[in-house]
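> Counting along the sequence shown from 1, when you hit position 157 you're at 837 in the working numbering, and nothing is skipped either side.
Here a beta-carbon is modelled for each residue, glycine too, at the ideal position from N, C-alpha and C.
Please read all numbers here as calculations on a predicted model, not as lab measurements.
The structure that follows is given in the form of structure tokens.
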Amino acid sequence: MIIECSACRVSMRVDRERYAGKRLSVRCPKCRHSFSVEVPAASTTVLIAHGYPRSFVELKAVLTQDDLTILTCDDNESALQLLRDNPVRILLLDVALTGSFPFELIDEARNKPTEQPVKIILLPSVYNKTAYKRRPTSLYGADAYLELHHVGDRLLPLLRELCPDLGLEEPTAGFYQSSVGEERQVDSTVEETAAEELARLLIADIALYHQEQIDRGLKEGDPALFLSTELAEGQRLLSERIDADVLARIDYLRLALDQFAADRRREIDDASQRTSLTCSR
681 MIIECSACRV SMRVDRERYA GKRLSVRCPK CRHSFSVEVP AASTTVLIAH
731 GYPRSFVELK AVLTQDDLTI LTCDDNESAL QLLRDNPVRI LLLDVALTGS
781 FPFELIDEAR NKPTEQPVKI ILLPSVYNKT AYKRRPTSLY GADAYLELHH
831 VGDRLLPLLR ELCPDLGLEE PTAGFYQSSV GEERQVDSTV EETAAEELAR
881 LLIADIALYH QEQIDRGLKE GDPALFLSTE LAEGQRLLSE RIDADVLARI
931 DYLRLALDQF AADRRREIDD ASQRTSLTCS R
């Protein structure tokens with residue numbers, strides 16, 4: 681940050697990160713004039729990692745704060761890079777982000793060396809905001825979750841609870857009305873691709889709300905063992921949006937569940953190995 685002496689106009693450099701939010705007394709090295717300067721507080725970086733472009737608009741409309749820097753991305757690879765390259769304080773994460781399930785990104789955020797921990801809020805994909813929904817049994821290590829149709833009235837209170845030091849302000853009453861709780865659409869001209877994507881999103885949502893059943897199924901050798909009701913509802917939603925001839929060729933929901941289960945097994949195995957290494961030291 682460059683400042684000027686108020687008397688002789690000579691320029692000086694101040695470490696903005698070191699003195700962010702502070703009032704400094706400065707003596708000019710040229711004319712010896714003393715004056716004070718306010719160093720602006722550091723901007724807080726929020727990363728919105730979501731696969732539905734409309735969500736960027738809705739979420740950014742709520743986060744209308746002067747001292748927030750908003751980053752957005754719609755796939756796992758971009759999210760990982762943004763996490764590594766920026767001082768992210770808050771991560772708003774789509775459970776069905778393209779390229780991964782939540783485990784990898786949450787691990788990356790949790791292991792990021794920062795002065796303050798990254799606060800993570802999971803956002804369901806919201807295909808049907810009443811289907812197979814109850815309070816999540818697992819947040820994969822995230823701090824909280826928020827239904828997208830509650831973004832307008834609950835996001836800022838939740839952020840104030842998680843990050844009380846930020847002093848986030850409540851917007852003017854009635855300025856924002858969320859419509860993001862509407863069903864998310866899969867935009868694809870290729871039916872098979874649309875079926876794969878929809879199945880992946882549905883499984884991500886089911887897993888968020890029924891993680892215990894999936895883990896029990898994994899122990900028994902079949903992740904679908906305790907999900908008959910949820911998978912039946914998922915199949916119903918698939919059949920409403922995908923042609924029956926396409927669904928007759930492949931069990932897309934089962935394929936998506938098996939992929940999730942494989943990722944979940946790796947996560948459990950990695951956690952077990954980390955625990956073993958810690959205990960052996």
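Thinking C-alpha only, which one of 911, 906, 930 is nearest residue 876?
One-based indexing of the sequence shown puts residue 876 at position 196. Here the closest residue by C-alpha is 930.
> Would a C-beta distance cut-off of 8 Å place residue 884 and residue 776 closer than the cut-off?
Locating residue 884 in the sequence shown gives position 204, counting from the first residue. Locating residue 776 in the sequence shown gives position 96, counting from the first residue. Cβ atoms of residue 884 and residue 776: closer than 8 Å.
> Specify the secondary structure class of residue 868 as computed by DSSP and reduced to three states.
Indexing the sequence shown from 1 puts residue 868 at position 188. Note that residue 868 scores a pLDDT of 49, beneath 50, so its modelled location is shaky and nothing firm can be said.
> How about residue 904 and residue 945: do their beta carbons lie closer than 8 Å?
Residue mapping note: residue 904 aligns to position 224 of the sequence shown, counting from 1. Residue mapping note: residue 945 aligns to position 265 of the sequence shown, counting from 1. No, they are not a contact pair.
> Just the C-alpha distance for residue 858 and residue 684, rounded to the nearest angstrom, thanks.
Against the sequence shown, residue 858 aligns to sequence position 178. Against the sequence shown, residue 684 aligns to sequence position 4. Interpretation of residue 858 is limited by its pLDDT of 45, a score under 50 that renders its predicted location unreliable; the figure taken from the coordinates is listed afterwards. Each residue's Cα considered, the two are about 45 Å apart.
> Do you know whose CA, among 716, 918, 890, lies nearest residue 907's CA?
Residue numbering aside, residue 907 sits at position 227 when the sequence shown is read from its first letter. Of the candidates 716, 918, 890, the one whose C-alpha sits nearest the C-alpha of residue 907 is 890.
> Would you say the stretch 794–806 touches the stretch 817–833, given that touching needs at least three Cβ pairs under 8 Å?
The stretch 794–806 is in contact with the stretch 817–833.
> How far does the beta strand (DSSP E) with residue 799 in it extend, from its first residue to its last?
Locating residue 799 in the sequence shown gives position 119, where the first residue counts as 1. Unbroken beta strand (DSSP E) run through residue 799: 799–803.
> Tell me which same chain residues have a C-beta within less than 7 Å of the C-beta of residue 702, skipping the five on either side of it?
Translated into the one-based positions of the sequence shown, residue 702 becomes position 22. Same-chain partners within the cutoff: 719.
> Mark residue 849 as exposed unless 16 or more other C-beta atoms lie within 10 angstroms of its C-beta, in which case mark it buried.
The residue labelled residue 849 in the question sits at position 169 within the sequence shown. Flag for residue 849 reads exposed.
> On the DSSP letters alone, give me the boundaries of the beta strand (DSSP E) that residue 750 sits inside.
Sequence index remark: in the sequence shown, residue 750 carries index 70 (1-based). That run of the beta strand (DSSP E) goes 748–753.
> With the cut-off set at 8 Å, would you say residue 727 and residue 762 are in Cβ contact?
One-based indexing of the sequence shown puts residue 727 at position 47. One-based indexing of the sequence shown puts residue 762 at position 82. Cβ distance < 8 Å, so residue 727 and residue 762 count as in contact.
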